Structure formats: structure tokens, C-alpha cells
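K.L.:
Sharing a structure, written as C-alpha cells. Questions coming.
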Amino acid sequence: MSTAILTGPPVPGSSLEGDLRSLGFEVRAVSGTAEAEALLAGVPAGERVAVVDARFVGHVHALRLGLTDPRFELAAIPGAVTARPAGRGALARALAHENSVSAETAGDPPAAGGTTLVDSLADRIATALDADGADVHRPELGSLVAAVPGDPQTRNEARQAVAAVDDEAVRLKSAVKARDGFFTTHFISPYSRYIARWCARRGLTPNQVTTASLLTALVAAGCAATGTRGGFVAAGVLLLASFVLDCTDGQLARYSLQYSTLGAWLDATFDRAKEYAYYAGLALGAARGGDDVWALALGAMVLQTCRHVVDFSFNEANAGDPGAAANTSPTAALSDRLDSVGWTVWVRRMIVLPIGERWAMIAVLTAVTTPRITFYALLVGCAFAATYTTAGRVLRSLTRRAGRTDRAARALADLADSGPFAEALAGPLKAPAGRLPGAAVPAVALLGGLAVVATAVFTGFGGPWTTAAACVYVLTSALAVARPLKGALDWLVPPFFRAAEYGAVLALAADADVNGALPAAYGLVAAVAYHHYDTVYRIRGDAGAPPHWLVRAIGGHEGRVLVVAALAALLTAPQFSVALTVLAVAVALLVLAESIRFWVTAHRGGAPAVHDEGEPA
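So for the sequence shown, this note's numbering puts the first residue at 16; every next one is plus one.
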């Protein structure tokens, strides 16, 4: 329940109380600042509280944006201010301050000024919150009206302005993500926003729609696994239907402001689960037709995951750095010029193969070709997109002058996922004599990864050489993280680690050349990739990395590479396949149990809601 404290002289015929009740507020009117302060103190601590001027004139959706968004502890629009439970203390201090000021100035004549906006307690509280250093969110209202008119004429003008703008149309438009891919913008969002509104009017939540999208994708994967042409056609259609629902859940969250910590996690992790489950379904379907494409499926998952890690690492390396936003490098200048031409914006969004274009391509190719052709196209498209985006970010980083922040270095260290072996060796290497020059850090990480993957590829299954290369990889990994990751290209270290680990598992499983080895490797990489995605989403939600015990328990990236290499050296190929399966199940159980515990606890504990509007996935 939420409480709205209505202040100021009442206005006959106003619909404000009804509007606030429709938004879930219990409305309590007060006659002055002192009474408002007393009422605020009596509201239960776990409730949201809003202070609204009774003379407010505006759209209901302006009130909704200003007073009900769960992502912000404090928010304000003209004539209204609100606080979630964590922001109640700041609101109480601001109201107490205004109460004392009101007592001191009682009887003073009103100050001269314009007539459009009048002295409003809600606005004065918002000003006091700013002066107190509080972080007050002020939503962008655009054409929506929110005002406290000072006389009948301005009130009438404000009401006419409200009548001139259809806030439902504005609400529907704002439900669509501001920056999205070409396929999503032009082929999905024009109608999925209406599905979102239909869901909102029937009380459905974004999490329910997200779950429906997952189930639809899993059914699509099952259809693909049949290996029949009819199954492939049904799989393509259902994959597109799943994507429509995937767009709908975010639009429903924006339309109804139903953001949540749990919802953001489900939306992000289910996207990966849907896509990688579908790859597995295609591989199973191909196997029914006598074509083994598990290596291609695993390669597609490895490439796509490494692409995402490049995105995450680069963004985290520049998070909180004002210099990153003001990059004046030639690369950034060229990018800005291209973005000023309409058609180039869409071309650049398409060639990075975001989720809309990627899933549309997969769905169509599944329906009309074979799984092998589908994976070939996917690998080529993702490789080109990865080359394009990574090259641009490297050029930007080389011309960047500002240093990395401590927060960025900590985030990159968390994304590196170093385990006990790298930590033990990194300790002695932290001495100045053992540190690498800053420019050499990503090069050493890359060379160590290339060594272990190349050895696995060219020396075949078994034997000591891959294990020896894995030991070298442990050493190079420790060297790479022995100093804070603050170099210009240090954001490449986590992607290099991911490519090395996943590539080594893929190469060794392919070398085993027995039934079950590649599917087991697929499961292991999927479980580890989930852990890495979970790390990203925790960092993005300001929750920190997963607990240290979990990282140590699953070995860290270098520990897992060493274990898998040792298993290949010590076991026969069939035994290796079984061992990979056991390892995959153990890692999956650990990371899933801890992840679910963390996110459910955060949701129940009232953690601030998050909603990522970043790069298309």
C-alpha cells in the first residue's frame, strides 16, 4: 500500500484524488506543513509516501511516472514528490526543514513572481532534497503536463493542454525501448506494444510473460529436435513467437512501471537460456537426420557468449568515467557523423546482429534449410559482428586519455573470474618486480589462451601436452591479474579468458571423438556461461560479484581449464565424456542454486528494481 499526502487548498471538481487512488495510493488530505509532517511520521515504514499539491493539474501518466516507478528511492515532478521506504528518512528531513521555515515565515507577505506556478510544498520539499544532496529522479515527461496553476486562467490553460495530449498514446509509445534493432523496431514493436497493454489490462505481470516466452522457446527447441521438416518449420514460427513475447515483457514493464530486481534477472538470463536451448534442439534434430553438428552448436554458443563478454567488459571499464562520454577521438567523431545520417544508424545496428536480427535469421533458416546451414550462417554473422564491434572499441580505447576508475578495475577483476590457482600465483607476482607492463597484460592473457587451445587442437586427445599448456595458462592468467586492470586495453582480459576456457573445452571434446563428449561439453560451457552472465547482472545491479566461495568451489576459469585438460590426459575418451557430464552437472547445480538464492532474497528484501535499457542483446 502507498499513501499520498494531499497538501494545499482543495480545488472543487478536481479528479486528482481519483487519479491517485487509481495508481494505488490511499489519499490523506492535510491543512498545513506541520500536519503533513505528523502524518508522514505515522505512515508505516515499509510504505511508499507521496506529497502532492491539491492544485495539481496534469496527466495521470505524468503522476504514474513521477510517483510509482520502483527503480528510484526518491522522485519528483512539478507539484508532487515521492519516496520509497529507503528514501523516507531524506523525505522526513526535507519536510521537517520546510515545517521550520514555514513557522519562521508565518505572516510574511507572499513573494512577487509569475502566476503559472505557485508556492507548492511538494516543490519546496524537492528543492530541499536537492540541497541535502539526495538523488532525486525527475522523469522526462515530454508532452505530458504536470503543473500547479496559480489562478483560474492558468488552471484552464493547463486543463486545455491536458486535453490536447492523449496520455495513453504517449504511454504506449514510451513502452517501446528507445534504442532497438531494425527488425524489432519495424516488425515487432508496432504490434507487440498493444499485446503489452492487453496483458496490463488483464493483470498479467512482466515475469509471467517472460516465463511464457521461455516456455515457447523450449517448445520450439523440442520441435527442432524432431529432425523433421514440419518440426523445423514449427520451430522457426515458435521462435519468432517467443521473441514477440520477449519484447512484450519489457514493454509491459515500461507501460505499467512493473520493474523488479527479479524481473530484470529473469529477462536477461531467460534470453540466454532460450537461445542456447534452441541451439541444442537444432543439434539434436540434425543428429536424428544423421548429421553431427554439436561442434557447430557449441562454437556458436562460445562465439555469442564471448561477444557479450566484450560488450560487458568494455561498458564496465568505462562506467562512471565522464571522459568516456566525452571521447573526442577520430573513431568517436566518425561514429557521431554516421549516427547523424538516418540510414547509417539502422545499417550499423543490423550488422552487429542484435537479438532481433539474429533470431529472425535463425528462425527463417531453420524453416527453409538445415541445421548445419543455420549454424554456418550464424557463425559467420556473429564473427563479423564481433570483429566490427571489437575493432571499434579497441580504436576508441587506444585514443582514450582518462585512467580507469577503481570501480572499473574491480568490475573487470570480477569479470575475470580468477580462481584459487591464479590467486595463489598472483600474490607473489604483485611485487613490482613481478608485474607486467600495462600494455602487455592483454597480450599475455591472449597468448596463454592461444597456447592451451592450439595445443588441444593440434596434439589430439590425451597425452601430457595439453596439461602442460594448461599449466602455462594458469601462470599467464596469474600474470594478467597481478596488477589492477586499469590499462587502456585491459577490458580485453575477461573476453580472452572466456575464449580460452570455452575453446579448450570445445577442442578437447571434439578430439575425444566419442558419442556424448560434445553434448557434455555443451552442458559444461552452458553452466559456466550462466555463471559469467550472472556475475555481469549482479555487477550491473550494484550487488557486487558472486561470493568468493562459489568462485573457488567451481575452480575459476584457469582451474577448470586445468581440470578438463588433466581429465583428458588421465582418462579414456568414453570416461572423459562421463567425467565432463558429471562436471557439468556439479557446476550447474552450484551456480544455479546460489544464483536463485541471491536473486530471490534480493527481490524479497526490497532491493531497488533495475531495468536495463542498454545495448540490444
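The beta-carbon is built from N, C-alpha and C at its ideal position, and this holds for glycine as well.
Please read these numbers as outputs of a predicted model, since none were measured by experiment.
Rank Q266, V576, V252 and K501 by C-alpha distance to the C-alpha of R212 and give the top, closest one.
P.N.:
Within the sequence shown, residue 212 is the residue found at index 197, counting from 1. Closest by alpha carbon: Q266.
K.L.:
Count the other C-beta atoms from every protein chain shown that fall within 10 angstroms of the C-beta of V615, then say buried if there are 16 or more, exposed otherwise.
P.N.:
Within the sequence shown, the letter at position 600 stands for residue 615. Label assigned to V615: exposed.
K.L.:
Determine, for L427, whether the minimum Cβ-Cβ distance to residues of chain C falls below 8 Å.
P.N.:
The structure shown contains no chain C; it is built from a single protein chain.
K.L.:
Are the region 135–143 and the region 32–42 touching, with three or more C-beta to C-beta distances below 8 Å?
P.N.:
No contact exists between the region 135–143 and the region 32–42.
K.L.:
Determine the burial state of W564: buried for a count of at least 16 other Cβ atoms within 10 Å of its Cβ, exposed for fewer.
P.N.:
Start at 1 with the first residue of the sequence shown, and residue 564 comes out as number 549. Exposed: under 16 other Cβ atoms inside 10 Å.
K.L.:
Just the Cα atoms here: how many angstroms apart are A315 and R373?
P.N.:
Position 300 of the sequence shown, counted from the first residue, corresponds to residue 315. Position 358 of the sequence shown, counted from the first residue, corresponds to residue 373. When rounded, the distance between both Cα atoms is 12 Å.
K.L.:
At which residue ranges does the region 495–538 contain complete alpha helix (DSSP H) runs of 4 or more residues, listed in the order of the chain?
P.N.:
The region 495–538 contains these whole alpha helix (DSSP H) runs: 508–527.
K.L.:
Classify Q273: buried if its beta carbon has 16 or more other beta carbons within 10 angstroms, exposed otherwise.
P.N.:
In the sequence shown, counting from the first residue as 1, residue 273 sits at position 258. The residue in question, Q273, is buried, as its Cβ has 16 or more Cβ neighbours within 10 Å.
K.L.:
Using alpha carbons as the reference points, say which of F436, D166 and D432 lies closest to P24.
P.N.:
Along the sequence shown, read from residue 1 onward, the residue named residue 24 stands at position 9. Comparing Cα positions, the closest option is D166.
K.L.:
With a cut-off of 8 Å on the beta carbons, I'd call E88 and R99 a contact; round off their distance for me.
P.N.:
Here residue 88 corresponds to residue number 73 of the sequence shown, with the count starting at 1. Here residue 99 corresponds to residue number 84 of the sequence shown, with the count starting at 1. Sure, about 5 Å apart at Cβ, within 8 Å.
K.L.:
Could you have a look at T131 and say whether DSSP puts it in helix, strand or coil?
P.N.:
Taking the sequence shown and counting its residues from 1, the one referred to as residue 131 is at position 116. Unreliable placement is indicated for T131, whose pLDDT of 37 sits below 50; the coordinate value is still reported in the next sentence. In this structure, T131 counts as coil in the three-state DSSP scheme.
K.L.:
Let me check one thing: in DSSP terms, what residues is G73 bridge-paired to?
P.N.:
Here residue 73 corresponds to residue number 58 of the sequence shown, with the count starting at 1. The partner list for G73 (beta bridge, DSSP) reads A161.
K.L.:
If distances are taken between C-alpha atoms only, which option among A497, G463, G464 and V395 comes closest to G442?
P.N.:
Numbered from its first residue, the sequence shown carries residue 442 at position 427. Of A497, G463, G464 and V395, the residue nearest in Cα terms is A497.
K.L.:
Any idea if F473 is buried or exposed, counting beta-carbon neighbours within 10 angstroms, 16 or more meaning buried?
P.N.:
Reading the sequence shown from its first residue, position 458 is the one you call residue 473. F473 is exposed by the Cβ-count criterion.
K.L.:
Can you tell me the Cα-Cα spacing of S610 and T550, whole angstroms?
P.N.:
Here residue 610 refers to the residue found at position 595 of the sequence shown. Here residue 550 refers to the residue found at position 535 of the sequence shown. Rounded to the nearest angstrom, the two C-alpha atoms are 9 Å apart.
K.L.:
Specify the secondary structure class of R419 as computed by DSSP and reduced to three states.
P.N.:
To locate residue 419, count along the sequence shown from 1; it is residue 404. Coil, per DSSP.
K.L.:
What are the start and end residues of each continuous alpha helix (DSSP H) run of 4 or more residues lying completely inside the region 44–121, in chain order?
P.N.:
Correct list: 48–57, 75–82 and 103–119.
K.L.:
Please state whether DSSP places V578 in a helix, a strand or coil.
P.N.:
Taking the first residue of the sequence shown as 1, we reach residue 578 at position 563. Helix, per DSSP.
K.L.:
In whole angstroms, what separates the C-alpha of A53 from that of S158?
P.N.:
Your numbering for residue 53 matches position 38 in the sequence shown. Your numbering for residue 158 matches position 143 in the sequence shown. Spanning the two alpha carbons is a distance of roughly 36 Å.
K.L.:
When you compare the CB positions of A437 and E573, do they come within less than 8 Å of one another, or not?
P.N.:
Within the sequence shown, numbered from 1, the residue matching residue 437 stands at position 422. Within the sequence shown, numbered from 1, the residue matching residue 573 stands at position 558. Contact flag set, yes.
K.L.:
Who are the near neighbours of G559 in its chain, counting only those whose CB is closer than 8 Å to its CB and skipping five residues on each side?
P.N.:
For the purposes of this step, residue 559 is identified with residue 544 of the sequence shown, where counting begins at 1. Once the five neighbours on either side are set aside, the close Cβ partners of G559 are D429 and R553.
K.L.:
Throw me the rounded Cβ distance for the A184 and A173 pair, which I believe falls under 8 Å.
P.N.:
Position 169 of the sequence shown, counted from the start, is the residue given in the question as residue 184. Position 158 of the sequence shown, counted from the start, is the residue given in the question as residue 173. The pair is not a contact, with the Cβ atoms about 19 Å apart (cut-off 8 Å).
K.L.:
Tell me which residue opens and which closes the beta strand (DSSP E) that A19 is part of.
P.N.:
Position 4 of the sequence shown, counted from the first residue, corresponds to residue 19. Looking at the DSSP string, the run of the beta strand (DSSP E) that includes A19 is S17 to T22.
K.L.:
Hey, which unbroken runs of the alpha helix (DSSP H) at 4 residues or more fall wholly within the region 207–289?
P.N.:
Entirely contained in the region 207–289, the alpha helix (DSSP H) runs reaching 4 residues are, in chain order, 221–240 and 244–271.
K.L.:
E32 by DSSP, collapsed to three states: which one?
P.N.:
On the sequence shown, position 17 is the one that residue 32 refers to. E32 falls in the helix class under three-state DSSP.
K.L.:
Suppose the cutoff is 7 Å on Cβ atoms and the five residues either side in sequence are ignored; what does the same chain contact list for S189 look like?
P.N.:
Mapped onto the sequence shown, residue 189 falls at position 174. Excluding positions up to five away in sequence, the list reads R269.
K.L.:
Under 6 Å Cβ to Cβ from P221, same chain only, skipping five residues before and after it: list those, please.
P.N.:
What you label residue 221 is simply residue 206 of the sequence shown in a count that begins at 1. So the qualifying residues of the chain are D264, L267, A268, Q273 and G278.
K.L.:
Would you check if there are 3 or more beta carbon pairs closer than 8 Å linking the region 374–392 to the region 250–258?
P.N.:
Yes: the two stretches touch, three or more of their Cβ pairs being nearer than 8 Å.
K.L.:
How many Å lie between S592 and S207 at the Cα?
P.N.:
Position 577 of the sequence shown, counted from the start, is the residue given in the question as residue 592. Position 192 of the sequence shown, counted from the start, is the residue given in the question as residue 207. Using only the alpha carbons, I get a separation of about 44 Å.
K.L.:
Tell me the residue span of the alpha helix (DSSP H) that contains T402.
P.N.:
What you label residue 402 is simply residue 387 of the sequence shown in a count that begins at 1. Residues P386 to L413.
K.L.:
Short of 6 Å in beta carbon distance, which residues of its chain neighbour A240, apart from the five on each side in sequence? Order them along the chain.
P.N.:
Residue 240 sits at position 225 when you count from the first residue of the sequence shown. For A240, where only same-chain residues beyond five positions count, the Cβ hits under 6 Å are G296, L299 and G300.
K.L.:
Do you know whose CA, among F476, T470, G531 and R575, lies nearest R513's CA?
P.N.:
Taking the sequence shown and counting its residues from 1, the one referred to as residue 513 is at position 498. Ranking F476, T470, G531 and R575 by Cα distance to R513 puts R575 first.
K.L.:
Are A515 and G464 close, meaning C-beta to C-beta below 8 Å?
P.N.:
As a first step, residue 515 is located in the sequence shown; it is residue number 500 there, counting from the start. As a first step, residue 464 is located in the sequence shown; it is residue number 449 there, counting from the start. Contact flag set, yes.
K.L.:
E290: buried (16+ other C-beta within 10 angstroms of its C-beta) or exposed?
P.N.:
Residue 290 sits at position 275 when you count from the first residue of the sequence shown. Its Cβ being crowded by 16 or more others within 10 Å, E290 is buried.
K.L.:
Using DSSP with H/G/I as helix, E/B as strand and the rest coil, what is V180?
P.N.:
Taking the first residue of the sequence shown as position 1, residue 180 is located at position 165. Here V180 sits in coil by DSSP.
K.L.:
Secondary structure at A339, three-state DSSP: helix, strand or coil?
P.N.:
Translated into positions along the sequence shown, residue 339 becomes position 324. Here A339 scores only 46 on pLDDT, less than 50, and its place in the model is too uncertain to base an answer on.
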